[in-house]
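**Q** Have a look at this one before I ask anything.
This is the structure we're talking about:
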């Protein structure tokens, strides 16, 4: 579930910034298939990769991170 949220956020920001999967994967030094798996939520990105993606897209990790649901206590 968490991987899907990250994947959707990464895909949305990638498209917003005008990157294709191919271009972003090349800039990050990963394969297109790995980026695709991350965007589909089949693979959770490492903290290092999250940082690299944020830097490449010129956004903060906080912006890229999925919003946290507030707990109902």
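In this note's numbering, the protein residues as written are 14 to 86.
The C-beta atom is built at its ideal place from N, Cα and C for all residues, glycine as well.
(1) Contact between the region 22-42 and the region 70-81 is defined here as three or more beta-carbon pairs at a separation below 8 angstroms; is this criterion met?
(2) My assumption, with CB atoms under 8 angstroms, is that residue 69 sits in contact with residue 37. Please give the rounded CB distance.
(3) Less than 8 angstroms between the C-beta atoms of residue 16 and residue 49, yes or no?
(4) Apart from the five residues just before and just after residue 44, which ones in its own chain have a Cβ nearer than 7 angstroms to its Cβ?
(5) By DSSP, does residue 26 sit in helix, in strand, or in coil?
**A** With the structure as the only source:
(1) When Cβ pairs closer than 8 angstroms are counted between the two stretches, the region 22-42 is seen to touch the region 70-81, the count reaching three or more.
(2) Reading the chain shown from its first residue, position 56 is the one you call residue 69. Reading the chain shown from its first residue, position 24 is the one you call residue 37. Residue 69 to residue 37, Cβ: 7 angstroms. Contact.
(3) By 1-based counting over the chain shown, the position of residue 16 is 3. By 1-based counting over the chain shown, the position of residue 49 is 36. Not a contact, by the Cβ cut-off of 8 angstroms.
(4) In the chain shown, residue 44 corresponds to position 31, counting from 1. The answer, listed in chain order, is 38.
(5) Translated into positions along the chain shown, residue 26 becomes position 13. DSSP places residue 26 in helix when its eight states are reduced to three.
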